[in-house]
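Novice:
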Amino acid sequence: MKRPHILLGVSASISAYKAADLTNELTKKGYAVDVLMTRNATKFITPLTLQSLSKRPVYLDVMAESQPNLITHIELAKKADLLVIAPATANTIGKIANGIADDMVSTVAMAVHPGTPKLVAPAMNTYMYQNPVNQKNLNYLKEIGYKEIEPREAMLACGDFGRGALATIEDIVAAIENELAALED
């Protein structure tokens, strides 16, 4: 039986460190996990950490093509059984919603087949999350097939209390498994 192939996009949120736990949980469950990171995400967690947990390369640079006969972001997108972006910043959400593909996460998101399940787990300040522009972008992503794993209400890294904390790892894994199970039906 083929191991489901998950693309995990990590963007530059303080909660990026939780991508280690998510990668570890998904790998333990037998999923093949390819991690895609924005450059700024590497300021919160190192690619080596995620590579060590996934046992696979971490992808950062759209222009770094190690195999001349392949276009990495297209090949990753073709192999994907599911795309999840966790954490998803307002910046990354906005890029994808507006067709901007200027980093590995947004470029692969643009290249994933329309029928591939796509999940987005926002993590940001409450006011950023509630901002009408961010909400418009999230609503548009939902219109085109993304599902939101809603953020939690908690004390945020900035000291504010409110909705914006990354969903729990358990909730993210459950959402992934629900989407993958629906593919089997």
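Using this note's numbering, you'd call the opening residue of the sequence shown number 1 and step up by one each time. The beta carbon of each residue, even a glycine, is placed where N, CA and C say it ideally should be. On a predicted model such as this, the values are computed, not experimentally measured, just so you know.
1. Of the residues P47, T107, P122 and E75, which one's Cα is nearest the Cα of E153?
2. For A64, I'd like the list of residues in its chain whose CB is within less than 8 Å of its CB, leaving aside the five on either flank, ordered along the chain.
3. If you draw a straight line from the C-alpha of D61 to the C-alpha of M37, how long is it?
4. Under a three-way DSSP split, which group does P122 fall into?
5. Look at the alpha carbon of A174 and the alpha carbon of N125, and state the distance between them as a whole number of angstroms.
6. Which one or two residues does DSSP pair with G159 in a beta bridge?
7. So, K118 versus G145, is the Cβ gap smaller than 8 Å?
8. Rounded to a whole number of angstroms, what is the C-alpha to C-alpha distance between E179 and Q67?
9. If we require 3 or more residues per run, which beta strand (DSSP E) segments fall completely within the stretch 25-98?
Specialist: Well, looking at it:
1. P122
2. T72
3. 8 Å
4. P122: strand per DSSP, three-state reduction.
5. 24 Å
6. Note: G159 sits in no beta bridge, so no partner.
7. Cβ atoms of K118 and G145: closer than 8 Å.
8. 31 Å
9. 32-37 and 82-88
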